[in-house]
Each structure stands twice: as structure tokens, then as C-alpha cells.
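Asker: Residue numbers (the numbering used here): 611 to 984.
Think of the CB as a built atom: it goes at the ideal place given N, C-alpha and C, for glycine as much as any other residue.
Right, I'll just put the structure down here and ask away after.
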Amino acid sequence: MLMTMMGLVAALHYYLGVRLVAEPGFAQPWAALGWAVLGLGFVSIPAAMVSTRMRPSWLEQVLHWGGMLWMGAFGLLLTATVAADVVGWVWRLAGSAPEAGVLARDKALGVVGVVVPAMLFAFRTARAPARVERVTVPVVGLGAGLSGMKVVQISDIHIGPTLDRSFMRRVVEQVNALKPDVVAVTGDLVDGSVTRLRDEVAPLAGLRAPLGVYYVTGNHEYYHGGAAWCAEVARLGLTVLNNTHRVVGRDGARLTVAGVTDLEGGRMDPAHACRPDVALAGAPQGVPRLLLAHQPRAALLARGLGVDLQLSGHTHGGQMFPFMAFVKLQQPVIQGMATIAGVRVYTHRGTGYWGPPLRLGPAPEITELTLVSA
Numbered sequence: 611m612l613m614t615m616m617g618l619v620a621a622l623h624y625y626l627g628v629r630l631v632a633e634p635g636f637a638q639p640w641a642a643l644g645w646a647v648l649g650l651g652f653v654s655i656p657a658a659m660v661s662t663r664m665r666p667s668w669l670e671q672v673l674h675w676g677g678m679l680w681m682g683a684f685g686l687l688l689t690a691t692v693a694a695d696v697v698g699w700v701w702r703l704a705g706s707a708p709e710a711g712v713l714a715r716d717k718a719l720g721v722v723g724v725v726v727p728a729m730l731f732a733f734r735t736a737r738a739p740a741r742v743e744r745v746t747v748p749v750v751g752l753g754a755g756l757s758g759m760k761v762v763q764i765s766d767i768h769i770g771p772t773l774d775r776s777f778m779r780r781v782v783e784q785v786n787a788l789k790p791d792v793v794a795v796t797g798d799l800v801d802g803s804v805t806r807l808r809d810e811v812a813p814l815a816g817l818r819a820p821l822g823v824y825y826v827t828g829n830h831e832y833y834h835g836g837a838a839w840c841a842e843v844a845r846l847g848l849t850v851l852n853n854t855h856r857v858v859g860r861d862g863a864r865l866t867v868a869g870v871t872d873l874e875g876g877r878m879d880p881a882h883a884c885r886p887d888v889a890l891a892g893a894p895q896g897v898p899r900l901l902l903a904h905q906p907r908a909a910l911l912a913r914g915l916g917v918d919l920q921l922s923g924h925t926h927g928g929q930m931f932p933f934m935a936f937v938k939l940q941q942p943v944i945q946g947m948a949t950i951a952g953v954r955v956y957t958h959r960g961t962g963y964w965g966p967p968l969r970l971g972p973a974p975e976i977t978e979l980t981l982v983s984a
């Protein structure tokens, strides 16, 4: 499978070489330089994969950063080149296209002229402080004592090779500045093992909220030891909701805060199967229910359980145009508020990023949800 994928990636690199270097007929040394860039870019992808098994070092950082940046560039180059080919084909059908060599050169220069500034913009967006999205949510049955409470959600932080302790500290400072009543951390906290990332995640212990800081797993935790990460997050002082709930209250008003393990959890650890029914078993009747679930489609399992609002992430809002279209193949919603199987779901765009350190379109997010009596 891996060899098949790498063969496909190699073929697509060759396609880029033909379209962007060979057909335009660039003179030397530009032609050789173009092929060299594509060749090094292709090699950088498996090198980045290998780097995740290396000890932390400057070489590991160079290999990972280089491969991830190229992966993003490759995706954008491929998209832009295919689009240019379609435009050129239509132009030729219309009978007004210039001669083939000129058209090929114009397309190649146009692709590079679009992709380079797009990469710079996407890198700056991904690395910038997260935007605060403010959403007011009416909740039926929410008592006056909790009306106006603020739930601040962070999700898909992905601490790992390119997002470190300083990024985690900045996120914690942004969240605390909002003075939340509840903090919800909805999974995909890390891309690495506890041993490797314990110090990088440590600032998470600084989150403050009078009604609690709650965490549920995402799929990425299970790639690096889901149970170990649950134990580490609990050690940092967060309340880990593995198919369980807590009831919070103020001035006589109450709210059930429940959380489930990720949908992928049961596949890797039977004890971590996603069970909203178990999470809400014994929850008081007549008290509004807030469910934390990493993937939006977990709402399909929460149907009929009286959930007033589900907070999810996972999608990153698509992260990079135009690839958000593929998210709809796996999730019923990409971002924002929606109703899934009768459950109202807010899908977070993610506070960090995964893979390429790029965001083209959907910016990183911290969400401040104000719950009000309906």
C-alpha cells in the first residue's frame, strides 16, 4: 500500500515536471533547477515520515519542516496545474489560444505566480494567533444562574514537530484572557508520544475555569497511546471525560457536561469505544446536556439522548483550499453550527494544524460560546 501511494506521488511529481518544466522549454540552468526542486521535494516527503522516529535534533527539525512545507506546496502546485490545464484546454477549444510553446510557458509562470504568494499567506495564517469566534447559543431549560455562562472551546491543537511549548502557552493565555466558565478541549491535542511531548504540552496545566476544564480524546491521541495521553492530561489537572459526565452548577442552575472517546478509539483500544449512551447514563433528567465529541458524526450515536449541544472539531474547516471538499466525504459538516441527526453540533476549525504548517482559507480558531436561557 505504501509503495503504491509513493508510486502515485512520484507519477504526479513527473506530471508537474512535464507541465511546469519540460513543455515550457525553459533554458538551462532553469530547466535543471526545476527538475531538481521536484526531485528533492519528492524525497522530502518520505524523509519527513522517517524524521518522526528520530531523536529530537536540528536534523529531525529540518527534515520534518522541509517535508511538510513541500507536501503543502505539492498539493497547491498540483491543484493549480490541473486548473491551468483545464483553462488551456477550454482556451484551445475556443480557438483563441496562442501557440503551444507560449501557452505552456504562460501556464507554468501563472501556476508559480499563484502558488508562491498562496504559500506565504497560508503559512502566515497557520502560525498567527487563533481568531476568537463568538457564538451565542440559546439552551432550553438552562437556569438563570447559568444563563450567560461562557464555554471556551479549543480543538485540534496538534502539538508536535512544528507546534511546540511556546504555541501551547500562547493558546492557554488566549483562552484564560476570555475568562471562561468552562473550557472544552475536544481532542487531537498531540502528534507524538507522551515521552516525546510531555514538556511541550505542560502549559495546558495553566488553563483556568471556575466550572472546570474538560478534555476528550481525538483520533490522533490513539496513534501515540490514547490511554497514556488520558493519564498525562489528567496529571496536568484537566478532567478527562472518557464516556462519562459531570454536573456543574451555579445559583441553583445546573448543566450536564458529558464527553466521549473518539470514534477511532474502540478500534485501537476496546475499552475506549465511543459510547454517548454510557456517557449520559445517570445524568439528571430536565438538566440541559452539553456533549464533547471529537468528530461531528458522533452525533449519529447521540441521537435521542437529549443532547442540547455537541462540541466537535476534527475537520480543521478543511485547512487548505480546495481540499475542504473532501471533508464532506467523511463528515456531515465542515465547520460552524449545524444539526446532525437531531443534535445541534458546533464544529470547530481547529486551533493548530495537521501536517503542512499551512492554512489556506479557514483560519485557526478559539471559540467562545455563550449559553443563554431559551
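1. Can you list, in chain order, the stretches of the beta strand (DSSP E) that have 3 or more residues and sit fully within the segment 780-862?
2. For a test of the three-state rule: what should DSSP assign to residue 734, helix, strand or coil?
3. Near residue 828, what residues of its chain come up, given a Cβ to Cβ distance below 6 Å and the 5 sequence neighbours on each side ignored?
4. Does the segment 948-964 come close enough to the segment 670-684 to have 3 or more Cβ pairs within less than 8 Å?
5. Would you grab the beta carbon distance between residue 745 and residue 979 for me? Rounded to a whole angstrom, and I think it's under 8 Å.
6. Taking Cβ to Cβ, would you say residue 890 is nearer than 8 Å to residue 752?
7. Less than 8 Å between the CB atoms is what I'm expecting for residue 811 and residue 759, so what's the real figure, rounded?
8. Of the residues 685, 906 and 874, which one's Cα is nearest the Cα of residue 937?
9. Who are the near neighbours of residue 838 in its chain, counting only those whose CB is closer than 7 Å to its CB and skipping five residues on each side?
10. Can you name the start and end residues of the alpha helix (DSSP H) that residue 611 belongs to?
11. For residue 930, collect the residues of the same chain with a Cβ closer than 8 Å to its Cβ; drop the 5 residues on either side in sequence, then sort them by chain order.
12. Thinking residue 620 and residue 631 are a contact (beta carbons under 8 Å), I'd like their distance in whole angstroms, please.
13. What residues in its chain sit with their C-beta under 6 Å from that of residue 724, if we drop five residues either side in the sequence?
14. Along the chain, where does the alpha helix (DSSP H) containing residue 946 start, and where does it finish?
15. Would you be able to state if there are at least three C-beta pairs under 8 Å between the segment 912-926 and the segment 953-960?
16. Quick one: what does DSSP say residue 633 is sitting in, helix, strand or coil?
17. What residue range is occupied by the uninterrupted beta strand (DSSP E) comprising residue 564?
18. Can you have a look at residue 771 and say buried or exposed, based on whether 16 or more other CB atoms are within 10 angstroms of its CB?
19. Assign residue 850 to buried or exposed, taking buried as 16 or more other Cβ atoms, counted over all protein chains shown, within 10 Å of its Cβ.
20. Roughly how many angstroms lie between the CA atoms of residue 846 and residue 818, to the nearest whole one?
21. According to DSSP, is residue 980 part of a helix, a strand, or is it coil?
22. Between 916, 878, 842 and 879, which lies nearest to residue 867 when the distance is taken from Cα to Cα?
23. Just to confirm, is the Cβ distance from residue 792 to residue 858 under 8 Å?
24. By DSSP's criteria, residue 776 is part of a beta bridge. Which residues make up the other side?
25. Does residue 869 come out as helix, strand or coil in the three-state DSSP assignment?
26. Run through the DSSP bridge pairs and tell me what residue 954 is partnered with.
27. Ends of the alpha helix (DSSP H) at residue 648?
28. With burial defined as no fewer than 16 other Cβ atoms inside 10 Å of the residue's Cβ, what is the status of residue 612: buried or exposed?
29. Please go through the same chain and pick out, in chain order, the residues whose beta-carbon is closer than 6 Å to the beta-carbon of residue 802, but skip the five residues on each side of it.
30. Under the criterion of a Cβ to heavy atom distance below 7 Å, does residue 774 qualify as lining the ligand GTP?
31. Give the straight-line distance between the Cα atoms of residue 786 and residue 861, rounded to the nearest whole angstrom.
32. Determine whether the beta carbon atoms of residue 761 and residue 981 lie at a separation below 8 Å.
33. Only counting the same chain, and skipping five residues up and downstream in sequence, which positions put a Cβ closer than 7 Å to that of residue 728?
34. Considering only the beta carbon of each residue, do residue 832 and residue 875 sit closer than 8 Å?
Answerer: Judging by the given coordinates:
1. When DSSP assignments are scanned along the segment 780-862, the uninterrupted stretches of beta strand (DSSP E) that are 3 or more residues long and fall wholly within it turn out to be 792-796, 823-826 and 854-860.
2. Three-state DSSP puts residue 734 in a helix.
3. Once the five neighbours on either side are set aside, the close Cβ partners of residue 828 are 797, 798, 872 and 904.
4. Contact fails: fewer than three Cβ-Cβ distances are below 8 Å.
5. 5 Å between Cβ atoms; contact.
6. Cβ distance not < 8 Å, so residue 890 and residue 752 don't count as in contact.
7. The pair is not a contact, with the Cβ atoms about 27 Å apart (cut-off 8 Å).
8. When each option's Cα is compared against that of residue 937, the closest is 906.
9. Result list for residue 838: 804, in chain order.
10. The continuous stretches of alpha helix (DSSP H) do not include residue 611, and DSSP gives it neither H nor E.
11. So the list reads 682, 685, 686, 732, 966, 968, 969, 970 and 971, once near-sequence residues are dropped.
12. No, residue 620 and residue 631 are not in contact; Cβ-Cβ is about 15 Å, not under 8 Å.
13. The residues are 690.
14. Looking at the DSSP string, residue 946 is not in any alpha helix (DSSP H); the run it does join, the beta strand (DSSP E), is 946-950.
15. Two segments are said to touch when three or more pairs of C-beta atoms, one from each, lie closer than 8 Å; by this definition the segment 953-960 touches the segment 912-926.
16. Residue state, collapsed to three classes: coil.
17. Here the chain has residues from 611 to 984 only, and residue 564 is not among them.
18. Buried, by the Cβ-count rule.
19. When all chains shown are included, residue 850 counts as buried.
20. One C-alpha to the other measures close to 12 Å.
21. Per DSSP, reduced to three states, the secondary structure at residue 980 is strand.
22. In terms of CA proximity to residue 867, 916 leads the group 916, 878, 842 and 879.
23. By the CB criterion at 8 Å, residue 792 and residue 858 fall inside the cutoff.
24. Residue 776 pairs with nothing; no bridge assigned.
25. Judged by DSSP in its simplified three-state form, residue 869 adopts strand.
26. Bridge partners of residue 954: 949.
27. Segment 640-661, the alpha helix (DSSP H) holding residue 648.
28. With fewer than 16 other Cβ atoms inside 10 Å of its own Cβ, residue 612 counts as exposed.
29. Cβ within range, chain order: 770 and 834.
30. Summarising the ligand content, the structure contains no ligands, and the ligand GTP is consequently not present.
31. C-alpha separation (whole angstroms): 23 Å.
32. Contact annotation: residue 761 and residue 981 have beta-carbon atoms nearer than 8 Å.
33. Beyond the five residues adjoining it in sequence on each side, residue 728 comes within less than 7 Å, by CB distance, of 686 and 970 in the same chain, given in chain order.
34. Result yes, Cβ atoms of residue 832 and residue 875 sit closer than 8 Å.
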